[in-house]
Amino acid sequence: MTSKISKSIIFISTVAVLLTIILTTVLLNEYSTKQSFIGLSQQAMVIGKSVETNGMNYLESTDFGDTFRVTWISADGTVIFDSVADEKSLDNHADRKEIHEALENGSGNSMRYSGTLMQSALNCAERLSDGTVLRVSTVHLSILAHMMNMTGPLVLVIVGISLLSVLVSDKVSKKIVQPINSINPDRPLISKTYKELEPLLNKLNTQNSRVRRQMEELTENRMQFEQIVANISEGIILTDPKLNIITLNEGSEKLLCVDNIQVGQSVYTLNSSDEFRKCILDALGGMRSECMLRTKNGEREIIASPARRIDMVCGLVIFVLDVTEKYRLEEMRREFTANVSHELKTPLTTIYGISDMLMGNMVMAEDVAQFGADIHYEAERLISLINDTISLSKLDEGIRTDNTAEIDVYELASEILERLELSAEEKEISTSVSGEHIIVNADRLILNDIIYNLCDNGIKYNKQGGKLNVNISANRKNAVITVSDTGKGIPEEHIGRIFERFYRVDKSRSDKVKGTGLGLSIVKHSVMQTGGTVDVKSETDKGTVFTVEIPIQKA
Ligand code: ATP
Ligand code: MG
Numbered sequence: 009m010t011s012k013i014s015k016s017i018i019f020i021s022t023v024a025v026l027l028t029i030i031l032t033t034v035l036l037n038e039y040s041t042k043q044s045f046i047g048l049s050q051q052a053m054v055i056g057k058s059v060e061t062n063g064m065n066y067l068e069s070t071d072f073g074d075t076f077r078v079t080w081i082s083a084d085g086t087v088i089f090d091s092v093a094d095e096k097s098l099d100n101h102a103d104r105k106e107i108h109e110a111l112e113n114g115s116g117n118s119m120r121y122s123g124t125l126m127q128s129a130l131n132c133a134e135r136l137s138d139g140t141v142l143r144v145s146t147v148h149l150s151i152l153a154h155m156m157n158m159t160g161p162l163v164l165v166i167v168g169i170s171l172l173s174v175l176v177s178d179k180v181s182k183k184i185v186q187p188i189n190s191i192n193p194d195r196p197l198i199s200k201t202y203k204e205l206e207p208l209l210n211k212l213n214t215q216n217s218r219v220r221r222q223m224e225e226l227t228e229n230r231m232q233f234e235q236i237v238a239n240i241s242e243g244i245i246l247t248d249p250k251l252n253i254i255t256l257n258e259g260s261e262k263l264l265c266v267d268n269i270q271v272g273q274s275v276y277t278l279n280s281s282d283e284f285r286k287c288i289l290d291a292l293g294g295m296r297s298e299c300m301l302r303t304k305n306g307e308r309e310i311i312a313s314p315a316r317r318i319d320m321v322c323g324l325v326i327f328v329l330d331v332t333e334k335y336r337l338e339e340m341r342r343e344f345t346a347n348v349s350h351e352l353k354t355p356l357t358t359i360y361g362i363s364d365m366l367m368g369n370m371v372m373a374e375d376v377a378q379f380g381a382d383i384h385y386e387a388e389r390l391i392s393l394i395n396d397t398i399s400l401s402k403l404d405e406g407i408r409t410d411n412t413a414e415i416d417v418y419e420l421a422s423e424i425l426e427r428l429e430l431s432a433e434e435k436e437i438s439t440s441v442s443g444e445h446i447i448v449n450a451d452r453l454i455l456n457d458i459i460y461n462l463c464d465n466g467i468k469y470n471k472q473g474g475k476l477n478v479n480i481s482a483n484r485k486n487a488v489i490t491v492s493d494t495g496k497g498i499p500e501e502h503i504g505r506i507f508e509r510f511y512r513v514d515k516s517r518s519d520k521v522k523g524t525g526l527g528l529s530i531v532k533h534s535v536m537q538t539g540g541t542v543d544v545k546s547e548t549d550k551g552t553v554f555t556v557e558i559p560i561q562k563a
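Counting in our numbering, the final residue of the sequence shown is number 563, and the numbers go up one at a time with none missing.
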């Protein structure tokens with residue numbers, strides 16, 4: 009800007025000087041021409057008077073010098089006398105402007121320009137009393153000639169003024185620009201500057217405030233987003249179209265069991281398995297894709313989604329989810345279905361076989377009762393299996409019956425042992441309930457399932473003539489139910505698995521004892537539903553102790 013102003017000043021001042029010189033020259037030239045004509049006209053009148061008085065004698069005896077040229081012309085335009093040239097060599101002057109005017113009006117003027125000499129000839133003619141015309145001419149320099157004569161001084165003046173304007177313009181332009189330069193764009197209103205700039209500065213100030221506000225909002229939003237992303241346990245990874253990581257949270261590193269992954273690294277540094285690569289490439293091709301990965305800490309589900317900008321994939325959003333529990337439950341469900349089908353098939357095959365034989369009259373009359381008893385036994389097994397399965401599915405679905413009531417656990421345990429009296433008697437097992445009458449706030453059916461299954465096992469897996477005791481006590485918050493038997497016990501290596509569905513210790517031996525292996529699963533889930541705990545201690549050939557703790561007040 010400074011240089012532009014400087015250049016403008018130099019240009020304007022140079023043009024101004026040139027125009028001034030030209031105008032002055034033109035005006036001076038006009039003035040001097042006018043003065044010359046006046047002088048010339050007076051001269052013509054004076055010489056004319058002398059010619060009127062003395063005629064040709066005066067003209068021939070007078071030296072007019074180099075300045076003036078005097079010509080005497082007759083009324084028909086013939087040159088009678090000329091102070092410079094031989095009059096005979098001169099043509100008729102009647103059509104000359106000044107002569108023509110003088111003959112018509114008494115006096116006439118003319119100016120003739122000579123391009124080659126760059127000068128003008130001024131002519132003044134006066135009609136004399138005898139009708140002849142006397143003309144006085146002089147040479148007058150043209151404007152260009154004047155200017156040519158003054159070239160030296162003019163150039164000096166122009167150069168001088170140009171130099172001066174160069175010096176001045178720099179300072180002037182800096183002074184003009186200084187208030188503009190001193191504007192603080194961040195705080196435009198505190199700057200002292202030109203009044204003309206005030207609307208612009210006000211606008212700048214308003215826009216500054218708006219931009220500041222928007223920046224604050226953006227920063228806050230970004231911080232919120234980063235905080236959320238950083239703190240969620242799921243993994244989130246953003247990549248560019250070249251599959252370099254733009255953002256990743258701690259969750260992704262944890263879930264994929266990697267560390268020190270830096271922004272800018274390839275996404276394959278997180279996992280380089282074929283499944284992961286395929287999933288990423290499918291997403292890059294524009295398809296949302298999923299895959300499962302197995303890490304040392306569990307199962308992970310990867311969901312890769314393409315991010316698009318005007319139909320082009322401009323990056324990927326990758327989610328990493330911990331699906332270990334979901335995977336485990338699904339596997340359990342699959343196993344459970346397979347087991348249930350198997351367990352249903354065995355009694356049904358027996359029933360089908362026996363009924364087939366009965367229909368074909370292949371059974372002797374004395375065996376019919378035994379076959380009937382077999383069908384009854386298998387049907388009982390089926391009913392018990394179906395009941396257990398229903399209980400478990402209810403527990404699995406988390407169907408919570410709100411049948412909580414105040415239950416005396418001691419009373420309930422006594423009732424259950426009464427119901428199991430027949431089985432106990434079969435094995436001559438003495439049963440007993442000890443402890444206190446603890447009242448808990450719980451679902452009666454759930455509590456029944458827990459105590460019944462534990463007591464049922466305590467009898468089933470007990471020795472002939474053994475003992476079964478249920479003790480009821482309480483600690484600070486829980487009722488403690490201890491079911492101890494003097495049975496064969498559970499070998500240590502099986503203890504960790506007895507709560508699994510369909511798990512039975514020593515299947516061949518257990519087969520002699522009725523059961524499906526679901527009882528303890530029901531116990532475990534029921535206890536979990538009350539918010540309590542179950543523990544087992546066992547010694548082979550000595551006995552087993554199950555300890556269940558149930559919150560006295562329902563959570
Ligand atoms: P169900 O209870 O469904 O009729 P089950 O008794 O075989 O069948 P669970 O109650 O789940 O199944 O018990 C699982 C296994 O744990 C049993 O098969 C048995 O081998 C072992 N077990 C359970 N309780 C005892 C116990 N008190 N003494 C010795 N072994 C036991
Ligand atoms: Mg059982």
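Positions of the beta carbon are idealized from the N, C-alpha and C atoms, including for glycine.
**Message:** Going by DSSP in three states, N395 sits in which element: helix, strand or coil?
**Reply:** Locating residue 395 in the sequence shown gives position 387, counting from the first residue. In the structure shown, N395 sits in a helix (DSSP, three-state: H, G or I).
**Prompt:** When every heavy atom of the ligand MG is checked, does at least one fall within less than 7 angstroms of the C-beta of G523?
**Reply:** Start at 1 with the first residue of the sequence shown, and residue 523 comes out as number 515. Yes, Cβ of G523 sits closer than 7 angstroms to a heavy atom of the ligand MG.
**Request:** Verify the contact flag: N465, CB atom, against every heavy atom of the ligand MG, threshold strictly below 7 angstroms.
**Result:** On the sequence shown, position 457 is the one that residue 465 refers to. Answer for N465: yes, Cβ within range of the ligand MG.
**Request:** Specify whether the stretch 499-517 and the stretch 449-461 touch according to this definition: at least 3 beta carbon pairs, one from each stretch, less than 8 angstroms apart.
**Result:** no
**Message:** When you measure from the CB of N252 to every non-hydrogen atom of the ligand ATP, does any distance come out below 7 angstroms?
**Reply:** Position 244 of the sequence shown, counting from 1, holds the residue named residue 252. No, since every heavy atom of the ligand ATP falls outside the 7 angstroms radius drawn around the Cβ of N252.
**Prompt:** Whose CA, out of R484, I17, I447, R195, lies closest to the CA of V176?
**Reply:** Working through the sequence shown from its first residue, we reach residue 176 at position 168. Selected option, being the one with the closest Cα: I17.
**Asked** Do the stretch 244-252 and the stretch 224-231 meet, that is, are 3 or more Cβ pairs less than 8 angstroms apart?
**Response** no
**Request:** Quick one: using the 10 Å Cβ neighbour count with 16 as the cut-off for buried, is L430 buried or exposed?
**Result:** For the purposes of this step, residue 430 is taken as residue 422 along the sequence shown, with counting starting at 1. Answer is exposed; the Cβ neighbour count stays below 16.
**Asked** If you drop the 5 nearest sequence neighbours on each side, which residues of the same chain put their C-beta closer than 7 angstroms to that of Y460?
**Response** Residue numbering aside, residue 460 sits at position 452 when the sequence shown is read from its first letter. Same-chain partners within the cutoff: I424.
**Message:** For the ligand MG, is there any heavy atom lying closer than 7 angstroms to the beta carbon of G306?
**Reply:** Translated into the one-based positions of the sequence shown, residue 306 becomes position 298. Because no heavy atom of the ligand MG lies under 7 angstroms away, the Cβ of G306 does not count as near it: no.
**Prompt:** So what does DSSP say about V92, is it helix, strand or coil?
**Reply:** Reading the sequence shown from its first residue, position 84 is the one you call residue 92. V92: coil per DSSP, three-state reduction.
**Asked** If you draw a straight line from the C-alpha of V174 to the C-alpha of S181, how long is it?
**Response** Within the sequence shown, the letter at position 166 stands for residue 174. Within the sequence shown, the letter at position 173 stands for residue 181. When rounded, the distance between both Cα atoms is 11 angstroms.
**Request:** Return the Cβ separation of I184 and I13 in integer angstroms, given the expectation that the two are a contact with Cβ distance under 8 angstroms.
**Result:** Against the sequence shown, residue 184 aligns to sequence position 176. Against the sequence shown, residue 13 aligns to sequence position 5. Correct: roughly 6 angstroms between the Cβ atoms.
**Request:** Please confirm whether any heavy atom of the ligand MG lies closer than 7 angstroms to the CB of N461.
**Result:** In the sequence shown, the residue the question calls residue 461 occupies position 453. Yes, the Cβ of N461 comes within 7 angstroms of a heavy atom of the ligand MG.
**Request:** Go through its chain and collect everything with a Cβ distance to K550's Cβ below 8 angstroms, but skip five positions before and after it.
**Result:** By one-based count along the sequence shown, residue 550 stands at place 542. Once the five neighbours on either side are set aside, the close Cβ partners of K550 are T494, G497.
**Request:** Since I believe L162 is in contact with G56 (beta carbons under 8 angstroms), could you give me their beta-carbon distance rounded to a whole number of angstroms?
**Result:** Position 48 of the sequence shown holds residue 56. Position 154 of the sequence shown holds residue 162. Contact flag wrong, Cβ pair sits at about 41 angstroms.
**Request:** With a threshold of 7 angstroms, establish whether the CB of L528 neighbours any heavy atom of the ligand ATP.
**Result:** Position 520 of the sequence shown holds residue 528. Flag set: Cβ of L528 near the ligand ATP.
**Message:** Counting C-beta neighbours from all protein chains within 10 Å, is the total for Y418 16 or more, i.e. buried, or is it exposed?
**Reply:** Position 410 of the sequence shown, counting from 1, holds the residue named residue 418. Y418 comes out buried.
**Item:** For F76 and V144, believed in contact at Cβ under 8 angstroms, the rounded distance
**Value:** The residue you call residue 144 lines up with position 136 of the sequence shown. The residue you call residue 76 lines up with position 68 of the sequence shown. Contact holds; Cβ gap of about 6 angstroms.
**Request:** Evaluate C287 with the Cβ neighbour count: other Cβ atoms within 10 Å of its Cβ, from every protein chain shown; 16 or more gives buried, anything less gives exposed.
**Result:** Numbered from its first residue, the sequence shown carries residue 287 at position 279. Buried.
**Item:** Own chain partners of S118 with C-beta closer than 6 angstroms, once the 5 adjacent residues on each side are dropped
**Value:** Your numbering for residue 118 matches position 110 in the sequence shown. Correct list, in chain order: K105, E106, N131.
**Request:** Could you check how far apart the C-beta atoms of W80 and L142 are, in whole angstroms? I think they sit under 8 angstroms.
**Result:** Start at 1 with the first residue of the sequence shown, and residue 80 comes out as number 72. Start at 1 with the first residue of the sequence shown, and residue 142 comes out as number 134. Correct: roughly 6 angstroms between the Cβ atoms.
**Request:** Buried or exposed for E351, please, with buried defined as at least 16 other CB atoms from any protein chain shown within 10 angstroms of its CB.
**Result:** The residue given as residue 351 occupies position 343 in the sequence shown. Result: buried.
**CA-to-CA distance, V478 to E433, given in whole angstroms** = By one-based count along the sequence shown, residue 433 stands at place 425. By one-based count along the sequence shown, residue 478 stands at place 470. Near 17 angstroms, if we compare the C-alpha coordinates of V478 and E433.
**Request:** Helix, strand or coil for C463, going by three-state DSSP, please let me know.
**Result:** Along the sequence shown, one-based indexing puts residue 463 at 455. Three-state DSSP puts C463 in a helix.
**Item:** Beta-carbon contacts of E298 that lie in its chain and below 8 angstroms, excluding the five residues immediately before and after
**Value:** Numbered from 1 along the sequence shown, position 290 holds the residue referred to as residue 298. Closer than 8 angstroms at Cβ, skipping near neighbours: C287, E309, I310, I311, A312.
**Message:** Could you tell me which whole beta strand (DSSP E) segments of length 3 or greater appear in the stretch 31-100?
**Reply:** 76-81, 87-90
**Request:** Measure from the alpha carbon of I467 to the alpha carbon of each residue in L226, D84, E436, then state which is nearest.
**Result:** Within the sequence shown, residue 467 is the residue found at index 459, counting from 1. Cα-wise, what sits closest to I467 is E436.
**Asked** For the ligand ATP, is there a heavy atom less than 7 angstroms away from the beta-carbon of T552?
**Response** Stepping through the sequence shown from its first residue, residue 552 is reached at position 544. Yes.
**Request:** Between the Cα of H533 and those of L400, D267, M320, spot the shortest distance and give me the residue it belongs to.
**Result:** The residue given as residue 533 occupies position 525 in the sequence shown. Measuring from the Cα of H533, the nearest candidate turns out to be L400.
**Near the ligand ATP: S392 beta-carbon under 7 angstroms from a heavy atom** = Locating residue 392 in the sequence shown gives position 384, counting from the first residue. Yes, the beta carbon of S392 sits closer than 7 angstroms to at least one heavy atom of the ligand ATP.
**Request:** Can you grab the Cα-Cα spacing for the pair F45 / S115, in whole Å?
**Result:** Walking along the sequence shown from the start, residue 45 turns up at place 37. Walking along the sequence shown from the start, residue 115 turns up at place 107. One C-alpha to the other measures close to 12 angstroms.
**S518 (DSSP reduced to helix, strand or coil)** = The residue you call residue 518 lines up with position 510 of the sequence shown. Residue placement at S518 is flagged as unreliable, the pLDDT there being 49, under the threshold of 50; a coordinate-derived value is accordingly withheld.
**Request:** Rank I530, D375, R427 by C-alpha distance to the C-alpha of G406 and give the top, closest one.
**Result:** The residue labelled residue 406 in the question sits at position 398 within the sequence shown. Among I530, D375, R427, the Cα nearest to that of G406 is on I530.
**Message:** How far does the alpha helix (DSSP H) with V185 in it extend, from its first residue to its last?
**Reply:** As a position in the sequence shown, residue 185 is number 177, starting the count at 1. Note, V185: alpha helix (DSSP H), 159-189.
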